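Trainee:
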Amino acid sequence: MASQIRTFLQDRIPLYQRLERLPQQLLGRSPFMGDITPARVPLLGIFSGRPTLPFPHPWNYGKPIRILDTYFWDADADDGPGRHTRYLDVPGFAPVLVTRDPGLIRSISADTGDRPGQFDRDTLPSGGIARATGKDSLLYANGPSWKHQKKLSTPPFARTTLFQPEMFAEFERTFRHTVGHRLEAVRAHIQQHGGPVRVQLEPEIKAVMLELLVNNFFGATVAYGQIRNRYVPAIDAVINHIVFDTVVNKVGCPLHRMPGLSRGITDAKAARATFEELTDTVIATRKQGLGLWAQFKSDVPDELLRSNIRVFLAGALEATTSYASWAIAHLARNTTAQEKLFAEIQGINEYTPGTLEQARYLGHVLNETLRLTPSLYFHPRRASADTWVQTAGGLRLYVPKGTHILLDIWHANRHDDHWGTAATGFPAADFVPERWENIAQAGRNKGTNELLHFGFGHGPRFCPGKSLGQLEVALVVGAFVKLFQFVAVNPANEARASVSTKPLDGVLTELHLRQ
Ligand code: HEM
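Residue numbering for the sequence shown follows my numbering, starting at 1 and increasing by one per position.
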């Protein structure tokens with residue numbers, strides 16, 4: 001157990017700094033100062049009834065949301081700033097700060113970047129990702145290396161590129177063709193069997209999302225059967241290995257150097273090789289300028305792009321699958337919202353930037369999905385120096401160098417203090433797209449008073465794939481609602497989480513063809 005605690009809290013702080021803080025830690029003094037005074041969470045909460053320990057270890061790493069729950073156990077009884085911001089401080093290690101306060105999340109996100117004293121993205125929770133994809137990626141890098149990569153890779157995904165009329169029309173056509181083709185197969189199946197079918201939709205959604213990325217975005221021509229039966233399972237296995245590897249691989253040994261002693265390692269190596277084959281396939285289309293490669297204005301050698309391509313393939317697939325799966329899972333439990341959406345989009349045959357803008361309720365459904373069930377449920381940050389951070393409301397917090405910060409989006413977005421009836425007209429825990437109409441009417445969708453769900457992040461490390469991802473998800477959800485009426489098999493809509501969150505039941509749904 002001690003070694004697991006060490007693995008999680010391991011940091012790059014020199015020994016003298018650790019020793020310097022030791023007396024304060026032993027006395028239980030808070031390392032934080034200012035107007036926001038985070039409440040301390042004990043390492044061991046014996047008899048407290050907490051769901052688990054406040055750090056990942058081999059028995060709880062599969063349920064990361066419960067680890068975050070642990071930080072806010074009984075926090076609603078606290079009326080002070082500790083209600084939404086808490087910390088763990090184990091003698092000899094760097095403090096861990098967890099916040100579900102949207103004001104603080106916003107300030108820390110805005111103050112993340114490459115300038116001296118700004119926060120970094122914490123690389124500790126993504127050690128396994130870096131071993132699988134490479135450290136020289138936009139997701140993992142910090143400082144000047146991150147800045148350089150962001151400049152290079154943002155233009156091809158940018159709204160201004162995707163939403164140029166010609167570019168958009170071509171994309172929309174190929175996307176719609178791909179989605180339509182897949183849904184047609186399900187439609188034919190239902191017609192043949194007469195009556196509704198029960199399907200777990202997540203694997204189907206994932207295959208469509210990968211096809212969109214590989215064939216439409218990168219311009220490759222990989223057969224659907226290969227995508228569905230070979231590449232999706234390989235990426236799933238790579239992601240499962242990443243999560244396990246982050247918690248358990250204490251020495252940081254890369255997979256290719258591990259001896260194939262167990263079935264798990266051999267399978268992970270095979271999956272990794274298949275994933276690499278797909279990476280080669282999409283890099284090969286660059287020379288011909290296929291797909292969005294035509295927008296990529298750089299002569300960096302292919303090899304230097306490899307880590308980012310892996311991140312785009314696996315990361316974008318995770319995020320878009322999570323987003324579309326949740327949207328369909330919510331609509332499957334809210335038939336009134338489903339019918340309202342159908343009424344809005346039934347006349348839309350082609351999506352243009354204009355029709356997307358007019359499809360207001362679809363926008364509300366997607367916003368509400370990302371609010372209640374964000375794909376990335378926490379954003380990791382690290383204090384690169386002793387830092388004062390200030391919220392828009394003028395509250396200040398001193399964060400000592402080396403602090404690990406978890407911006408807890410999951411809990412921030414479902415707390416009534418921030419998103420409840422007083423602020424939005426509806427309880428925070430409910431899926432209600434109409435909430436966004438109230439927010440717009442109250443003028444709370446712009447400026448410093450804006451209610452942010454952080455579904456695509458905030459500040460300099462904002463998601464560069466937002467426009468592409470939104471377009472993919474809008475098309476998949478729109479096409480699906482047009483063709484089917486669907487109800488969830490399980491009334492409860494629980495979550496499972498690893499790299500991203502997904503519906504626990506894999507979107508198990510009963511589908512009926514619309515007349
Ligand atoms: C549509 C679903 C998507 C969601 C919900 C999503 C969500 C996010 C979020 C929340 C972040 C910020 C993380 C942080 O602040 O720590 C992020 C960053 C990122 N996303 Fe996305 N994303 C999506 C799609 C995509 C796509 C399609 C791509 C690429 C094609 C992509 C590539 C990235 C990259 C490279 C970063 C890191 C940016 C940086 O650190 O500067 N995402 N994403």
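Glycine is no exception: its CB is placed at the ideal position from the N, C-alpha and C atoms. Being a predicted model, the structure only gives us computed values, none of them experimental.
Does at least one heavy atom of the ligand HEM sit under 7 Å from the Cβ of Gly465?
Mentor: Looking up residue 465 in the sequence shown gives position 465. At least one heavy atom of the ligand HEM is nearer than 7 Å to the Cβ of Gly465, so yes.
Trainee: Opposite Asp408 in the DSSP bridges: which residues?
Mentor: If you number the sequence shown from 1, residue 408 lands on position 408. Answer by DSSP bridge pairing, in chain order: Phe378.
Trainee: Can His453 and Asn367 be called in contact, C-beta distance under 8 Å?
Mentor: Taking the first residue of the sequence shown as position 1, residue 453 is located at position 453. Taking the first residue of the sequence shown as position 1, residue 367 is located at position 367. Yes; because the gap between Cβ atoms is below 8 Å, this pair is in contact.
Trainee: Spatial neighbours of Arg306 within its chain, please: C-beta separation below 8 Å, excluding the five flanking residues on both sides.
Mentor: Stepping through the sequence shown from its first residue, residue 306 is reached at position 306. Closer than 8 Å at Cβ, skipping near neighbours: Gly134, Thr279 and Ile283.
Trainee: Of the residues Pro81, His411, Glu450 and Trp293, which one's Cα is nearest the Cα of Ala495?
Mentor: The residue labelled residue 495 in the question sits at position 495 within the sequence shown. Ranking the options by Cα distance to Ala495, first place goes to His411.
Trainee: State the start and end residues of the unbroken beta strand (DSSP E) segment that holds Glu510.
Mentor: In the sequence shown, residue 510 corresponds to position 510, counting from 1. Unbroken beta strand (DSSP E) run through Glu510: Leu508 to Leu513.
Trainee: Quick check on Pro503: does DSSP put it in helix, strand or coil?
Mentor: The residue you call residue 503 lines up with position 503 of the sequence shown. Correct three-state label for Pro503: strand.
Trainee: Compare the beta carbon distance of Phe275 and Ala234 with 8 Å and say whether it is the shorter of the two.
Mentor: Along the sequence shown, read from residue 1 onward, the residue named residue 275 stands at position 275. Along the sequence shown, read from residue 1 onward, the residue named residue 234 stands at position 234. Closer than 8 Å, so yes.
Trainee: What is the rounded straight-line gap between the Cα of Val311 and the Cα of Ala383?
Mentor: Against the sequence shown, residue 311 aligns to sequence position 311. Against the sequence shown, residue 383 aligns to sequence position 383. Their Cα atoms are separated by approximately 24 Å.
Trainee: How big is the Cα-Cα spacing for Ala428 and Gly82?
Mentor: Residue mapping note: residue 428 aligns to position 428 of the sequence shown, counting from 1. Residue mapping note: residue 82 aligns to position 82 of the sequence shown, counting from 1. Distance between the alpha carbons of Ala428 and Gly82 is about 20 Å.
Trainee: The ligand HEM and Val311: does any heavy atom of the ligand fall closer than 7 Å to the residue's C-beta?
Mentor: Sequence index remark: in the sequence shown, residue 311 carries index 311 (1-based). Val311 Cβ: within cutoff of the ligand HEM.
Trainee: Less than 6 Å between C-beta atoms, sequence neighbours within five positions excluded: which residues of the same chain meet that for Gly506?
Mentor: Taking the first residue of the sequence shown as 1, we reach residue 506 at position 506. Taken in chain order, the residues that qualify are Gln200 and Glu202.
Trainee: Which class does Tyr231 belong to by DSSP, given the choice of helix, strand or coil?
Mentor: Here residue 231 refers to the residue found at position 231 when the sequence shown is read from its first residue. Helix, per DSSP.
Trainee: So, for Gly62: in the same chain, excluding its five sequence neighbours on each side, which residues have a beta-carbon less than 8 Å away from its beta-carbon?
Mentor: On the sequence shown, residue 62 is found 62 positions in, with the first residue counted as 1. For Gly62, where only same-chain residues beyond five positions count, the Cβ hits under 8 Å are Val243 and Ser498.
Trainee: Excluding five sequence neighbours on each side, which residues of the same chain lie with their C-beta closer than 7 Å to the C-beta of Gly425?
Mentor: As a first step, residue 425 is located in the sequence shown; it is residue number 425 there, counting from the start. Cβ neighbours of Gly425 beyond the five flanking positions: Arg435 and Asn438.
Trainee: Checking the sheet assignment: what are the DSSP bridge partners for Asp78?
Mentor: Along the sequence shown, one-based indexing puts residue 78 at 78. Paired residues: none, contrary to the question.
Trainee: So Ala497 is in the beta strand (DSSP E); what residue range does that whole segment cover?
Mentor: Mapped onto the sequence shown, residue 497 falls at position 497. Element bounds for Ala497: Ala495 to Ala497.
Trainee: From Phe456 to Arg414, what does the alpha carbon distance come to, in whole angstroms?
Mentor: Residue numbering aside, residue 456 sits at position 456 when the sequence shown is read from its first letter. Residue numbering aside, residue 414 sits at position 414 when the sequence shown is read from its first letter. For Phe456 and Arg414, the distance between alpha carbons rounds to 16 Å.
Trainee: DSSP beta-bridge partners for Gln485?
Mentor: As a position in the sequence shown, residue 485 is number 485, starting the count at 1. Gln485 pairs with His512.
Trainee: Taking C-beta to C-beta, are Arg159 and Asn142 nearer than 8 Å?
Mentor: Position 159 of the sequence shown, counting from 1, holds the residue named residue 159. Position 142 of the sequence shown, counting from 1, holds the residue named residue 142. No. Outside cutoff.
Trainee: I'd like the list of long-range same chain contacts for His241, defined as Cβ closer than 6 Å, with 5 residues on each side in sequence excluded.
Mentor: Locating residue 241 in the sequence shown gives position 241, counting from the first residue. Only Ala268 meet the Cβ criterion.
Trainee: Taking the C-alpha atoms as reference points, what is the distance between Ala422 and Gln441?
Mentor: For the purposes of this step, residue 422 is taken as residue 422 along the sequence shown, with counting starting at 1. For the purposes of this step, residue 441 is taken as residue 441 along the sequence shown, with counting starting at 1. Roughly 14 Å between the two C-alpha positions.
Trainee: Count the other CB atoms, across all protein chains shown, that sit within 10 Å of the CB of Arg29; report buried if there are 16 or more and exposed otherwise.
Mentor: Taking the sequence shown and counting its residues from 1, the one referred to as residue 29 is at position 29. Exposed, since its Cβ has fewer than 16 Cβ neighbours within 10 Å.
Trainee: Residues in the same chain with beta-carbon distance under 7 Å from Thr391, minus the five sequence neighbours each way, listed in chain order, please.
Mentor: Indexing the sequence shown from 1 puts residue 391 at position 391. So the list reads Gly103, Leu104 and Ser107, once near-sequence residues are dropped.
Trainee: Should Pro38 and Arg86 be called a contact, given that it needs their Cβ atoms to be closer than 8 Å?
Mentor: By 1-based counting over the sequence shown, the position of residue 38 is 38. By 1-based counting over the sequence shown, the position of residue 86 is 86. Their beta carbons are under 8 Å apart, which means Pro38 touches Arg86 by this criterion.
Trainee: Would you kindly work out how many angstroms separate the C-alpha atoms of Arg444 and Tyr224, rounded to a whole number?
Mentor: Residue numbering aside, residue 444 sits at position 444 when the sequence shown is read from its first letter. Residue numbering aside, residue 224 sits at position 224 when the sequence shown is read from its first letter. So the alpha carbons of these two residues sit roughly 43 Å apart.
Trainee: Between Arg106 and the ligand HEM, is the CB less than 7 Å from at least one heavy atom?
Mentor: For the purposes of this step, residue 106 is identified with residue 106 of the sequence shown, where counting begins at 1. Checking every heavy atom of the ligand HEM against the Cβ of Arg106, none is found closer than 7 Å.
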